[in-house]
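Residue 374 in full-length UniProt numbering sits at position 374 of the sequence shown, with consecutive numbering throughout.
A virtual CB, placed ideally from N, CA and C, is assigned to each residue, including glycine.
This structure is a prediction, so every number in the text was calculated from the model and none was measured.
In what follows, a single structure is set out as structure tokens and then discussed.
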Amino acid sequence: MSLENTATTTETHFDYTSRLRQLDEAVLLARESLKLHYPPDPLHSEFLDNLADAVTTRFQDGGQRGDLDEAISLYQQALELRPLPDPNRATSLTNLSKVLLIRFQQGGQQSDIDEAISLPKQALGFLPPSHPLQSFSLHNLALALYRQFEITGQKCDLDESILLHQQALKLRVPPNPLRSASLSDLANALELRGQQEGRHDDLNEAILLHRQALDLRPPDHPRRFTSLSNLASSLGRRFEHRGHRIDLEEAIFLLRQAVDSSSRSDPERFMCMCNLAAALRLQFEQEGRRSNLNEAILLVRQAALELRPFRPLFLYSLSNGLWIRFCQDGHQRDLDEAILLHRQALELLPSPHLYRSSSLDNLAIALHARVGQDGHQSDLDEAILLHRQALELRPSPHPFRSSSLNNLATALQTKFGKEGRRIDLDEAISLNREALNFRNLSHPHRSESLNNLANALRTRFVQDGHKPDCNEAILMYREALELRHSPHPDQSQSLYELGIGLLHAHSFTGNNLDEAMESFSAATQCLNQPASLRLRITLTWIKHAVAHRHMSAIDAHDAALQALTKLAALRFDIKSRQKALLTDSDGLAREASRFAIQVGKMSKAIEFIEAGRAVFWSQFLSLRSPLDQLREVSPELADKLRSTATALELGSHRSTSDTTENRRKFVIDQETARLNRLNEEWSKAIEDVRQLNGFENFLRPHRMSDLQVAALGGPVIILIGNNDGSDILILTSVDVRTIHLSDLPNEELQTLVHLIQFASSDSLRSTIDGYSGNIAEFPPAMVETSRNWMKLKEERGMRYKGQKDSDAVFIFVLDILWNKVVRPVINILHLEKSEELELPGPVVQWCPTGLFSFLPIHAAGCYNDSQAIECASDYFISSYTPTIGAMLTQYQTPPGPFRMMVVIQSRELPSTRKELEKIEQHVSEDLLVKLGIPGQSASVEAVASRLSDVAIVHFSCHGTQDRSNPLDSGLKLEDGYLRVSRIMKEKIQNGALAFLCACETAMGDDKLPDEAMSLGASLLFSGFRRVVATMWEMRDEDGPVIADTFYQELFRGPDGKPTQEPDVSKSAYALHLAVKKLRAEKVSFVRWVPFIHMGK
């Protein structure tokens, strides 16, 4: 076989799935062949063509721009060697036109498209009608004009392209193998014209032609997948115009076939994947199935990894998917990436590019959304400017003009809300009316226009009180709702807006109140709505139901608390869950409970406060729920729940940190999709369990009958602060008693909290007390604390001779807590004062909420200097619990021998060595695991890995509460921090007690006080039954004193003698004795007050 024939054969048999080196071999052989045929060899031009063909094929597979440029150069050389009347000149013109059009699509150079149009025109000028290349020239010219239309938008280019395609098709009669290509390209041009001009006949003809093309490409045809994709694209367009779901369903079915049958290395596979992603996004917008959205995003990310994408399409497709996901989850990173991608796409689509208007509109929509996140006026101004530019590019009857009208109107209404300029609102109404006129009864987005116009009219009614505006708005809300049947994801939005409209009508008719509340209720029950929207709806429902004293207010509060679990869904990583609860969730449980108290529903008040607190932890613990009873009834369901829970918990700790690398983003999105699917499976399995007899309340919030069990060992005192006063709920095993504190509103509680922060921080007090300059230079909280204290001292004439300022603050605050909180509780429970509390003495379980969480209730009392005249510890032993449910957890006795771990940091805290020595006096050496001593590293992993192996763990080290990210709060060890997020990974089944002799281990999160995000609470929820922690910084030298007395009592038997194993049920009493001993040393309040006991 000759060298040139070998080159031709190698290229001919090259398959797209083959390795690039096979193409490299074809190119190399073609180069060698060309060397054998230099001018004046008459075959030189033919071998130039051969090499250009090989290089072009390699470009199509590998995407190297140099290959494309070389191919153009080679074809140009061949053309120069074929002047008229050379019979091969038409071939050169055709080849060169084809590759110039490819380069134009890559780089957008006007000279390339001009020449790509000129070359086939030259060929058509001398080719006779019957020439075999006539159809090629017609086809190439039609394609070039089509691409030019995409850039210029000149209607004549598209019309001529269609005419030329029709002529080419007539020349390619069956069985011409190129007939299918002509059918497809003609259909694409007709589809585009139908889309641009709203010509339904063009769109229908395009679908018919695509079906004919598909019939000519049987399953084994190498380009069948492009016909599948093209037909699906046209069906998707028709769905957008007519709204018939059967078109969309067929489109998705065909696109899946196209992706499955295309070669992974074929560049047109990218188009199929993007088309499928677009169709899945459309289906998500119609049905709200999250799996569709996840798949759409993954498809585009995957396409970008596998193939050389057409960049504007990639940017457009991915940014739209991220935008929709942002609307669902509210993650800022999705919105920011979407904006970045839209900006990049816009740069690649200069005016008058056909798709520039879509890019302008989409970028504007994303910028408008960011206004709601950070409130930047510049984003809103830019969004309005971009929407106006898009509208100018979409003159009537452009099919997407209605979208631009709608989007601009929405942005202008937002501007009116910020600036109050009536001209903006009037323009918004006018634009919405025009958009509605474009969207007939069958238009899939008609409901959107109805809803938006109704919103604008309702806004004008609020401004002017013009009743017809309100009435018209309600009619439009009703019509929109008729078009949004379940499972339409916007059904809840329509019900919500209708409810608000009806409330406005109620203001002048006195009617519609019940229907408005029913609309809110129905809205909260809709499927497929974002959790943030559900919460917003319930908050609006609560506001108006409470204001009108409507009977649905209890249900509204119930729905709001249920929405919190959706907001912190298990499909998110733990940091996202915690962050999600920052939005409008704080205070919800307290307000619900307060309302229930006001209407006399005490049991509901208890249930509300329990359901709406520690939502983060209740979600976390649901994954570790024991399934023994379920396994007896349905082992299959138990296994399903356990495997799903394990996978969800592992996924909760995944990293979602920002990255710019697409492969890493693909992995993150892939994991996100997997967790979404697992979350759906988890929810479905739970519903299946609840269908079983006796499991109707499986993993539901505790009912009152369950919660009263927690009070069998002593009353649970729930402290609830609100803006107009505080309430105390006293839960006993038989009833609930209440105390209302009208003189202790949140404002007063906040002052007490600031004072405690002031008194407990040496650095804060010394900084303010010793500063003689402008105090306004300090942070606001610091300034407020200082001023509060100075003001109180002046107003109440407080004089504490010889006292440190911090002790004076403590005496003042603890006196208020005694008289207003603790003394009333003692009175209602008829507790007796005791000189020496002994076991089993009365134990009070405090469950503080809101600002009460930062106050030392256990130390409340009337003090004279450091001596107590009367205080809480004279009457009872105090323990704290973050939730009532935390006291209901059933623990089994550890099967193995007792073990205790002590972790110290003696290099930074010298007294910790002495603390260990004190512990060693009470605990046998063979029972101790000691880390932080010579030869035993106290590294993060060494400590964390042993947490599940010991019954007691004692930490003597630095601790810190991270206020910006509570999950990063931790205990400082040798190589870093043992953070809350790391502790959560351990399954601690044997944990009886954790003693945190470290700073700030009971300090919660001031932004989410009811979420119990302190280190102490985290260990409690992670598996330890009881925890000793500190509310603020402790003194290093106090650790040995507390530890000595504490463990002496813990390891004391009933006969008063030391024992080998501790009685951890005495831990609250042991701490009571230890703190009493520290107080006996006349130490300041700041040293003995911070120690608290948590747990049962």
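- Between Ala710 and Thr849, the CB-CB gap reaches or exceeds 9 Å.
- Of Ser449, Leu637, Ser585 and Gln708, the smallest CA-CA separation from Lys604 is found for Gln708.
- Note on geometry: alpha-carbon atoms of Leu814 and Leu637 lie some 52 Å from one another.
- Collapsing the DSSP output to three states places Phe1051 in coil.
- Excluding residues up to 5 positions away in sequence, Leu186 lie with their Cβ nearer than 8 Å to the Cβ of Gln166 in the same chain.
- Residue pairing by DSSP puts Tyr977 in a beta bridge opposite Lys972.
- Annotated three-state conformation of Ser442 is coil, per DSSP.
- Assignment of beta-bridge partners to Gly288 by DSSP yields no partner.
- Out of Ala54, Ala213, Gln76 and Ser705, the CA that lies nearest to the CA of Pro175 is found in Ala213.
- For Leu141 against Arg103, the beta-carbon gap comes to about 17 Å, at or over 8 Å, which does not count as contact.
- A Cβ-Cβ contact shorter than 9 Å links Val902 with Leu931.
- Cβ-Cβ distances below 6 Å link Glu472 to Leu457 in the same chain, with the five nearest sequence neighbours on each side left out; the list follows chain order.
- Counting other Cβ atoms within 10 Å of its Cβ, Gly1039 reaches 16 or more and is therefore classed as buried.
- Taking 9 Å as the cut-off, the Cβ atoms of Glu1033 and Ser625 do not count as close.
- For Ser878, the enclosing beta strand (DSSP E) begins and ends at Ile877 to Tyr880.
- Excluding five sequence positions before and after Arg1087, the CB atoms of its chain that fall closer than 8 Å to its own CB belong to Met1034, Arg1035, Asp1038 and Leu1078, given in chain order.
- The Cβ atoms of Lys1007 and Arg979 lie no closer than 9 Å to each other.
- Burial is judged here by how many other beta carbons sit within 10 angstroms of a residue's own beta carbon; Pro715 has at least 16 and is buried.
- For the segment 645-696, the continuous alpha helix (DSSP H) assignments of 4+ residues that do not extend past its boundaries occur at 662-690, in sequence order.
- Going by C-alpha positions, Ala516 is about 55 Å away from Ala951.
- Residue pairing by DSSP places His954 opposite Val902 and Phe995 in a beta bridge.
- In the DSSP annotation of this structure, the continuous segment of the beta strand (DSSP E) that includes Tyr863 starts and ends at Gly861 to Asn864.
- Put simply, the backbone Cα of Ser853 is about 9 Å away from that of Val753.
- Residue pairing by DSSP places Gln196 in no beta bridge whatsoever.
- Here Ser135 really is in contact with Ala168; their C-beta atoms are around 5 Å apart, less than 8 Å.
- Shown here for Arg311: same chain residues with a beta carbon closer than 7 Å to its own, the five before and five after excluded, namely Leu348 in chain order.
- Annotation: the continuous beta strand (DSSP E) that includes Lys930 extends over Leu928 to Leu931.
- DSSP places Leu481 within a helical segment (H, G or I) once states are collapsed to three.
- Approximately 5 Å separates the beta-carbon atoms of Asp49 and Ala78; this is inside 8 Å, confirming the contact.
- Looking at the backbone, the Cα of Phe595 and that of Leu744 are separated by about 17 Å.
- Counting only runs of 4+ residues, the alpha helix (DSSP H) found wholly inside the segment 386-432 occupies 401-419, in chain order.
- Judged by DSSP secondary structure, His1093 falls within the beta strand (DSSP E) whose first and last residues are Phe1091 to Gly1095.
- If only uninterrupted alpha helix (DSSP H) runs of at least 4 residues are considered, those enclosed by the segment 530-579 are 531-547 and 553-567.
- When the beta-carbon positions are compared, Arg577 and Gln619 come within less than 9 Å of each other.
- Taking Ala364 as reference, the option from His353, Thr644 and Leu341 with the minimal CA-CA separation is Leu341.
- Rounded to whole angstroms, Thr540 and Thr414 show a C-alpha spacing of 19 Å.
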